[in-house]
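Numbering (this note's numbering), first residue to last: 86 to 208.
Where is the CB? At the ideal position from N, CA and C, for every residue including glycine.
Predicted model only: the values in this text are computed from it and were never measured.
One structure below.
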């Protein structure tokens, strides 16, 4: 979550604690530790625009690093093989990469917020 989202969620912390029957809720903006990023290009529109260079751009998009994708998320555009790609060309999906046996996780549709619940039972 963004810092302003965490602040808003902190206001609701007592409600969360009572609703999910837990002892503690931890909120963080450090999503990089818990998420991987997946790039989802709009191939239909890109194909029309890029033509024969589509394969080259597709290869480059599939090889983007975490840092490059993060930069794209901040700026809303990037240059790939000489083409400027924006939010209408590429969407980014966050995926939980933590311990799936211990945590249940869900990411918001816009990818801006992730909730991970530790499902470990204790006495």
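About 6 Å separates the Cβ atoms of residue 124 and residue 177, confirming a contact at the 8 Å cut-off. Of the candidates 103, 98, 122 and 207, 98 places its Cα closest to the Cα of residue 111. Burial is judged here by how many other beta carbons sit within 10 angstroms of a residue's own beta carbon; residue 116 has at least 16 and is buried. Within the model, the alpha-carbon separation for residue 137 versus residue 131 is close to 11 Å. Ranked by how close their Cα comes to the Cα of residue 183, the residues 168, 90, 95 and 202 have 202 in first place.
Look at residue 172 here: in three-state DSSP terms it is coil, with no helix or strand label. Your pair residue 114 and residue 88 checks out as a contact, with CB atoms roughly 6 Å apart and the cut at 8 Å.
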